[in-house]
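Residue numbers (this note's numbering): 155 to 596.
No residue lacks a Cβ here, since even glycine has one placed at the ideal position from N, Cα and C.
Please read the structure below before turning to the comments.
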């Protein structure tokens, strides 16, 4: 059984999480002198190292040298403002996440990608990736690098023991709706005599459940507490009240412990990046038979949703926009140059991360290398490519991260029995009113 728990250090990945990072600058030299030097900001040391290694190894003659710096995404806004105010070390290219992309593409800080010599077309990118990077005037101001469609991962051994089968198609048929998900959670709980619960915590359900919400958090300066959001409060309260989920906060030590535990947690709403960099590291082994390695399977679950992802944008005041475009095209596949596109494909084949470019995904999704032993030989790239087609991000606002964080806090308190649903919603409204006094909160 899992409960509570302290925060656990984790890899910062644009779609998934942020943690305290060291700031460092590394200069990547691709050729001898005479080239413009651009500054690139990314959200983690792991990304910095990956990009550095790739730039060092590419056979292409690039137009730039790049100084790549890891900047904690939670510090990004303050760091960028300080750089702009001082006029020093302003990034030419920077990474954006779902939490802040609307804030920056609706500002004058990001350049229209056409100024970089780039063109983003729906045919080459998953629609939700392009939607998120398009401002309210129809201008594309960032290029998708990694997409992070959501999936549901479950324990094969538990499914066989408590549901009679571990077959992905059979399990998906059981949880293809939220009613089915609840009923399956009841079966797992009853068959395990309460020893196994469906999820480690309520936060796992939040993204997928609200993905179908037709209303944004804010419209015309007013907080919108839609019927779908109220439905989530009711559904989550029922799951928690029937002891079908635990109360571990997402990314906490207790939440992570459920990944390797032999009994407590049936499944996790997850993504490709989460699987590669969180679940594999927390599973307690590196081959089948060690910890929970090899005991997982992937299905779409009850909803299409976006877990995270990352985009590259260029600073509107950069003096090196051509070079910034060259850098962005190399990693995102936003190019008609076959040699550069080949290098983009090579990057995603090497890292195993899921590309935002549907053109790249179509080239690599059937590669045997993605038939991962962690999930019993399933091809996770193929699973993610199916999930990506049903995602929409048209209701994103600049308030999503702040208001969403407040909502998660009160839903955790409600799931833990510290507040009634009505109290949690009332306190949520009060906190939003205080945090965002410019909004009308009724």
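Judged by DSSP in its simplified three-state form, residue 302 adopts strand.
The beta carbons of residue 323 and residue 310 sit no closer together than 8 Å. DSSP, read as helix, strand or coil, puts residue 377 in strand. About 6 Å separates the beta carbons of residue 367 and residue 380, which is inside the 8 Å limit, making them a contact pair. Leaving aside the five residues that flank residue 558 on each side, none in its chain has a CB nearer than 6 Å to its CB. The C-alpha of residue 259 is placed about 15 Å away from the C-alpha of residue 235.
Beta-bridge annotation (DSSP): residue 466 is paired with 249 and 297. Residue 536 is positioned such that its CB atom lies no closer than 8 Å to that of residue 453. Annotation: the continuous alpha helix (DSSP H) that includes residue 479 extends over 475 to 486. Rounded to whole angstroms, the separation of the alpha carbons of residue 561 and residue 248 is 28 Å.
In this structure, 438 is the residue among 388, 438 and 396 with its C-alpha nearest to the C-alpha of residue 412. Below 8 Å, enough C-beta pairs join the segment 525 to 532 and the segment 436 to 451 to call them touching: three or more.
Under the three-state reduction of DSSP, residue 287 is assigned to coil, being neither helix nor strand. Between residue 292 and residue 510, the CB-CB gap reaches or exceeds 8 Å.
Inclusion of residue 423 and residue 333 in the CB contact set at 8 Å is not warranted, their separation being larger than that value. Per the DSSP secondary-structure output, residue 493 pairs with nothing in a beta bridge.
Counting the other CB atoms within 10 Å of its CB gives residue 276 a total below 16, which places it among the exposed residues. Straight across, the Cα-Cα distance linking residue 397 with residue 585 is about 28 Å. In this structure, DSSP gives residue 461 an extended state, which the three-state scheme calls strand.
Take residue 189, set aside five residues on each side of it, and the residues of its chain with a beta-carbon closer than 7 Å to its own are 217, 218 and 219, in chain order. With fewer than 16 other CB atoms across the displayed protein chains lying within 10 angstroms of its CB, residue 473 is exposed. At the C-beta level, residue 269 and residue 475 come within 8 Å of one another. Residue 427 carries a helical assignment under DSSP once its states are collapsed to helix, strand and coil. Measuring C-alpha to C-alpha distances from residue 191 to each of 246, 227 and 348 identifies 246 as the nearest. Under the three-state reduction of DSSP output, residue 525 falls in the strand class. Boundaries of the alpha helix (DSSP H) around residue 587: 575 to 589. Within the segment 188 to 274, the complete alpha helix (DSSP H) segments at least 4 residues long are 199 to 211, 230 to 240 and 255 to 259, listed from N- to C-terminus. Take the alpha-carbon of residue 581 and the one of residue 591: they are about 15 Å apart. Under DSSP, the beta-bridge partners assigned to residue 307 are 422 and 452.
Here the C-alpha atom of residue 193 lies approximately 16 Å from the C-alpha atom of residue 296.
Beyond the five residues adjoining it in sequence on each side, residue 433 comes within less than 6 Å, by CB distance, of 413 in the same chain, given in chain order. Classified as exposed, residue 577 has fewer than 16 neighbouring CB atoms from the shown chains inside 10 Å of its CB. Residue 251 sits close to residue 464, with the two beta carbons spaced by under 8 Å. In the DSSP assignment, residue 514 falls within the alpha helix (DSSP H) that extends over 512 to 518. Here residue 337 has 328 as same chain residues with Cβ atoms under 8 Å from its own Cβ, once five neighbours each way along the sequence are excluded. Taking every protein chain shown into account, the CB of residue 278 has 16 or more other CB atoms within 10 angstroms, so this residue is buried.
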